[in-house]
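Final position of the sequence shown in the numbering used here is 137; the numbers increase by one with none missing.
All residues carry an ideal CB built from backbone N, CA and C; glycine is no exception.
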Amino acid sequence: MLESMRLYPPVWGMSRRAVEDCVLGGYEVKGGTTVFINQWAMHRDPRFFENPEVFHPERWADNLIKKLPTFAYFPFGGGSRICIGKAFAMMEASLLLAAIAQKFRLTLQPEYPVVLQPSLTLRPKHGMKMLVTQR
């Protein structure tokens with residue numbers, strides 16, 4: 003699930019307001035300025051993820067999450083403003099995935115275009131047409 007959240011974070015970007023003058027990545031930011039933080043781009047940064055565009059769940063097997071710099075991976079935000087629903091969402095997704103995968107195999111309908119719609123949350127614009135077969 004970590005890899006899915008890396009490539010498709012529920013919130014693809016967020017903003018924060020600088021409370022005082024500071025320097026971010028070599029850029030001077032005045033207090034009161036709104037700064038946009040983009041998980042989508044950060045999670046695809048080759049400095050932190052080898053072959054970042056490739057879905058590779060095994061990349062997390064050697065406890066990668068603990069080796070990454072702070073905020074290189076933050077699908078639910080972070081710090082004092084981390085999503086309050088993070089633990090519930092991860093538990094719910096794990097339970098649903100396990101229950102569904104026990105009984106069914108889901109395959110994306112061949113040649114069905116998945117078009118992302120980045121609104122407040124990231125979602126497929128036209129849904130995802132799946133072929134469902136019983137195991």
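{"Query": "Do three or more CB pairs link the region 118 to 133 to the region 83 to 91 at distances below 8 Å?", "Result": "no"}
{"Query": "Counting Cβ pairs, one atom from each stretch, are 3 or more of them under 8 Å apart for the region 3 to 17 and the region 44 to 61?", "Result": "yes"}
{"Query": "Considering only C-alpha positions, which residue in the set 58, 31 and 83 is nearest to residue 21?", "Result": "31"}
{"Query": "For residue 90, which of helix, strand or coil comes out of DSSP?", "Result": "helix"}
{"Query": "With H, G and I counted as helix, E and B as strand and the rest as coil, what does DSSP make of residue 39?", "Result": "strand"}
{"Query": "So, under 8 Å CB-CB, residue 111 and residue 131 are touching, yes? Tell me the CB distance rounded to an integer number of Å.", "Result": "4 Å"}
{"Query": "Hey, would you say residue 79 sits closer than 8 Å to residue 16, going by beta carbons?", "Result": "yes"}
{"Query": "Cβ of residue 41 within 8 Å of Cβ of residue 77?", "Result": "yes"}
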